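Just so you know, the sequences run in chain order Y and H. Reading the first sequence from the start, the letters are residues 1 to 157 in full-length UniProt numbering. Reading the second sequence from the start, the letters are residues 1 to 97 in full-length UniProt numbering. Encoded as structure tokens, the structure appears first; notes follow it.
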Amino acid sequence: METDANYTLLQPELIFSHVTASNQEDLLMDLSSKLLSKGYVKDSFADAVIARERTFPTGLFTNGVPVAIPHTDAIHVLKPGILIANLDKPIIFKEMGNGVNDVSAELIFLLAIDKPENQIDVLKKVMNILCKSEILFKIKKAQDISETLEILKQEIT
Amino acid sequence: MKKKRIVVICGTGIATSTVVVKKTEEFFQKIGIQVDISQGRAVEANIMSERADLVLTTTPSIKLDHNVPILNAIPFLTGMGEDDLKEEILKVLVGKE
């Protein structure tokens with residue numbers, strides 16, 4: 001059921017604003033530990049997502065705000081969720097599909113996906129946000145979690 | 001026209017390729033062309049695409065031992081250059097018939 005999938009993937013407890021980190025690895029460690037403490041991923045997730053980012057980088061230039069969508073193999077995931085982090089200062093990710101260009105990511109969508117075929121509708125809707133510059137700007141400007149969640153709900157439900 | 005085979009590849013075969021598969025399906029539904037789409041990880045790209053007509057990928061690091069055209073599918077994720085990508089896909093698949 002799509003509604004259920006929406007609720008399980010997008011949780012207020014997975015939205016973070018004013019996130020700071022000194023570099024990409026610290027950021028991914030920090031965000032992964034949030035997923036770990038809330039029971040979404042195994043403790044192997046952090047290292048796996050950092051390693052995967054080196055091999056298959058996930059920075060994306062968009063028409064709006066530069067983003068990154070780090071993720072890793074399903075075996076590290078316990079239950080699906082999408083963590084959204086609004087960064088105070090951009091963190092450099094390499095560009096997906098290219099691996100050379102630097103993307104100064106300002107929004108992070110950290111994906112904990114176990115069975116993509118079950119979560120495709122909401123996954124696609126979340127990814128569709130990347131195509132909508134005005135929504136990305138709105139999320140970036142949102143001051144707190146409830147404001148961010150409101151914007152996301154309008155897009156996803 | 002013979003049904004065309006498309007292989008969609010990403011690093012883990014789980015997130016971006018899933019979205020690319022969905023977008024590709026929707027595109028071909030819209031224009032009324034039937035295609036076979038399969039999805040896999042970068043390490044499987046070579047074997048999976050042996051008999052394919054087109055490979056769509058979100059990762060640059062795939063190497064094929066055969067001559068199947070490869071297109072960068074990231075425009076399906078970001079929307080930037082999506083129309084150009086669709087045009088390229090049609091050129092590859094329909095153009096060679």
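We treat Cβ as the ideally placed atom computed from N, Cα and C, and that holds for glycine. Since the model is a prediction, treat every value here as computed from it, not as a measurement.
For R52 (chain Y), the nearest beta carbon of chain H is closer than 8 Å to its own beta carbon. N63 (chain Y) sits in coil when the DSSP states are folded into three classes, being neither helix nor strand.
With a 10 Å radius around the Cβ and a threshold of 16 neighbouring Cβ atoms, S37 (chain Y) comes out exposed. Using a Cβ-Cβ cut-off of 8 Å, K63 (chain H) does not count as an interface residue toward chain Y, since no Cβ of chain Y sits closer than that to its own. Nearest CB-CB separation between L136 (chain Y) and chain H: not below the 8 Å threshold.
Contact note: N63 (chain Y) reaches chain H through T78, G79 and M80, using a C-beta cutoff of 9 Å and chain order. Between R52 (chain Y) and the set Y:E134, Y:F93 and Y:I84, the nearest pair of CA atoms involves Y:F93. Distance from the CA atom of S146 (chain Y) to the CA atom of I37 (chain H), rounded to whole angstroms, is 39 Å. N98 (chain Y) belongs to the set of residues whose beta carbon lies under 8 Å from a beta carbon in chain H.
DSSP, read as helix, strand or coil, puts S17 (chain H) in helix. Taking the CA atoms as reference points, V49 (chain Y) sits about 35 Å from L93 (chain H). Within a 10 Å sphere around the beta-carbon of D26 (chain Y) sit fewer than 16 other beta-carbons, which makes this residue exposed. If you check each beta-carbon in the segment 2 to 34 of chain H against every beta-carbon of chain Y, the ones closer than 9 Å belong to C10, G11, T12, G13, I14, A15, T16, S17, T18, V19, V21, K22 and K23. Close to chain Y, meaning a Cβ-Cβ distance shorter than 8 Å, are the following residues of the segment 37 to 64 of chain H: A42, T57, T58, T59, P60 and S61. L130 (chain Y) is positioned such that its CB atom lies no closer than 8 Å to that of T58 (chain Y). A contact between stretches requires three or more CB pairs, one per stretch, nearer than 8 Å, and the segment 92 to 107 of chain Y meets this requirement with the segment 65 to 81 of chain Y. At least 8 Å separates the CB of I70 (chain H) from every CB of chain Y. Q34 (chain H) is not bridged by DSSP to any residue. In the same chain as E25 (chain H), and ignoring 5 residues on each side of it, the C-beta atoms closer than 7 Å to its own belong to I37, in chain order.
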